[in-house]
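If you read the sequence shown in this note's numbering, its first letter stands for residue -17, the second for the next number, and so on.
Ideal Cβ placement from N, Cα and C applies to all residues, glycine included.
Since this is a predicted model, take the numbers as computed values, not measurements.
Here is the structure we will look at, set down as structure tokens.
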Amino acid sequence: MTMVGTGYVGLVTGVCFANTGVEVVCLDVDERKIAKLREGVCPIYEPGLTELMVMNARAGRLRYTLDMDEAYRDADMIFICVGTPSGEDGRADLKYVLGAAADIARVMKKLGPDQRAKTVVVKSTVPVGSTMKVRDTIRGIVGPDIEFHVGNNPEFLKEGDAVNDFMKPDRVVCGVEDPDNPWSVSAARFRRAYEPFTRNGHPIFIMDISSSEMVKYSSNNFLATKISFINEMANLCERYGADINSVREGMCADRRIGSRFLYPGLGYGGSCFPKDTLAVIGMGEACGFEAQLSRAVHEVNQRQRALFFEKIKGHFASRGGLAGRTLAFWGIAFKPRTDDVREAPALTLMKMAGDAGATVRAFDPVAGETGAEAIERMGFETEIVEDMYGCLDGADALVVSTDWDEFKHPDFGRIAERLREPVLFDGRNLYRREQMRELGFDYYSVGRPSEVRAV
Ligand SMILES: NC(=O)c1ccc[n+]([C@@H]2O[C@H](COP(=O)([O-])OP(=O)(O)OC[C@H]3O[C@@H](n4cnc5c(N)ncnc54)[C@H](O)[C@@H]3O)[C@@H](O)[C@H]2O)c1
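Next up, the structure:
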């Protein structure tokens, strides 16, 4: 079995399959990543992954390579797990997926018609029709005589809990060319590969490829909708003096609604929801259909960051302005338990603060390095510090931008001591308003009345 791409999805998938006893080869084009992996160093922060990686590599079941021939020659299943970022028009850019398909085809062509037919699986999140583009790309290169199959197998893992999600999936979804034949080569291969993870009752659904591709976008757009929905309610709460936390409790007790994924905050970020909502809008445009809801979800999400920044700006407006001030940020990662900073709300807020003339300093338990790289790419200045409280020294306010566990019960006395003034902008609603009022903070959160001392 081969994984193409050793990012968050490819590496976790490869390691978890290897852990079932299968021989797995992980291929990447990034020399630095492969060098690290060969040394037993995990290039991403993902709880529990390093231990499994090292164990399976030692057992000889997991290898890393830059060599396509080695990766593709003997594999019966090849999982394409490369990125599908938004293109300039917002639509999913398939260049890495189709590039990988062409690489696979060139190796298959060299092997000739006697090889065992491979199943090339698209695991990357792709718009409907993309897996068939992979098939056409391969066919165009190998010609008519080489047998192979394609499949689609969207991944639902969450960064921060990826190993657990992969090992105990809510469901496994597999798209095959011949969904009516339960014993087709690809269907049988999927069932066998996932059997160790589905035998405890976790369902596996074998379906047609278009539906499988669509399951992933439908799921992510639905989850993104929940986040934008609760943020919309939070914004109304603020304007009418209601408290979204109480509203959440009242609302979420309804079993039809439930409480998961309904937390107000700075809006969603990461490498999936932003691009997958845009991709659905793009899929609509491509067929002359306006995906109105996804567009609104995206717009509400973008506005959420700007609205929060307005609170920061508004606070300082009556106190001489934001220019020349120092803001300390706790959290760069787009969510806790990951070092992924792609589309992180913290980065947008830091850039906005920098553009308004403030000096920005930031602490993150694990995303300091990835954060520094992103900040350099985005072209603004931020000092990354390694000490959570040291970050506050002489700053004019603390902005809590990621809900890491270590931020949930901080020493407020130390915070107040180190800040120039006790001013806290809580983008994740981590703290109780009454407590902040008693402690004498100026406290701003999302969807709840602010606690502000008299000026
Ligand atoms: N990150 C997540 O939480 C998550 C969850 C579910 C689905 N997905 C989807 O999975 C896909 C991959 O996401 P990711 O976060 O793992 O991406 P990533 O950017 O972390 O990793 C992609 C890797 O592919 C490598 N690569 C690119 N072209 C290659 C080629 N031709 N041959 C070999 N390697 C190549 C890159 O060097 C990189 O290491 C995306 O479509 C994403 O939407 C991601």
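For I60, the residue or residues it bridges with in DSSP: In DSSP, I60 forms a bridge with T(-16), V102.
Would you mind reading off the limits of the alpha helix (DSSP H) that contains R174? First-last of the alpha helix (DSSP H) with R174: 167 to 180.
Tell me whether D71 is buried or exposed, calling it buried when 16 or more other Cβ atoms sit within 10 Å of its Cβ. It is exposed - the Cβ of D71 has fewer than 16 other Cβ atoms within 10 Å.
Rounded to whole angstroms, what is the Cα-Cα separation between C254 and V(-9)? Cα-Cα distance, rounded: 12 Å.
DSSP three-state label for T364, please. The three-state secondary structure of T364, taken from DSSP, is coil.
Just list the alpha helix (DSSP H) runs in the region 76 to 137, keeping only unbroken ones of 4 residues or longer that don't cross its boundaries, in chain order. 77 to 93, 112 to 124, all fully within the region 76 to 137.
Please name the residue or residues paired with L406 in a DSSP beta bridge. For L406, which the question treats as bridged, DSSP gives the partners L380, Y425.
Cut-off 6 Å between Cβ atoms - residues of its own chain near Y425, not counting five sequence neighbours on either side: Only residues of its own chain outside the window of five on either side were considered, and among them L406, M418, E433 have a CB closer than 6 Å to the CB of Y425, listed in chain order.
Which whole runs of the alpha helix (DSSP H) in the region 169 to 254 are 4 residues long or more, in chain order? Listed in chain order, they are 191 to 222, 226 to 234.
Bounding residues of the beta strand (DSSP E) (the contiguous stretch that carries R343): In this chain, the beta strand (DSSP E) harbouring R343 covers 341 to 345.
Residues with C-beta closer than 6 Å to any heavy atom of ligand 1, in chain order: Those satisfying the condition are, in chain order, V(-14), G(-13), T(-12), G(-11), Y(-10), V(-9), G(-8), L9, D10, V11, D12, K15, C63, V64, G65, T66, Y78, G81, A82, D85, S106, T107, E137, L139, E141, S253, C254.
Between C373 and A344, how many whole angstroms is the CB-CB distance? I'm expecting something under 8 Å. About 7 Å; that satisfies the 8 Å criterion.
Out of E416, T364, C269, S200, point me to the one whose CA is closest to T341's CA. For the residues E416, T364, C269, S200, the minimum Cα distance to T341 belongs to T364.
For F362, which residues in the same chain have their Cβ closer than 6 Å to its Cβ, ignoring the five residues on either side in sequence? Same-chain partners within the cutoff: K333, G336.
Tell me, please, which residues DSSP counts as bridged to G3. Paired residue(s): none; G3 is not in a bridge.
Please list, in chain order, all residues of the same chain as V229 whose beta carbon is under 7 Å from its beta carbon, the five residues on each side excluded. Around V229: M215, C219.
Please state whether DSSP places C269 in a helix, a strand or coil. Coil at C269, not helix or strand.
Length of the line joining the Cα atoms of Y413 and H391: Straight-line Cα distance between these residues: approximately 8 Å.
If distances are taken between C-alpha atoms only, which option among A305, D258, F271 comes closest to G69? Ranking the options by Cα distance to G69, first place goes to D258.
Thinking C-beta only, is V154 closer than 7 Å to I186? Between I186 and V154, the C-beta spacing is below 7 Å.
From this set, V(-3), E5, D56, which residue's C-alpha is nearest E33's C-alpha? Answer by Cα proximity: V(-3).
Given a threshold of 16 other Cβ atoms within 10 Å of its Cβ, counted over all protein chains shown, does G122 qualify as buried or as exposed? G122 is exposed by the Cβ-count criterion.
Cβ separation of G22 and M37, assumed to be a contact under 8 Å, to the nearest whole Å: Contact doesn't hold; Cβ gap of about 10 Å is too wide.
Assign T452 to one of three DSSP states: helix, strand, or coil. There is simply no residue 452 to check, as the chain begins at -17 and stops at 437 in what is shown.
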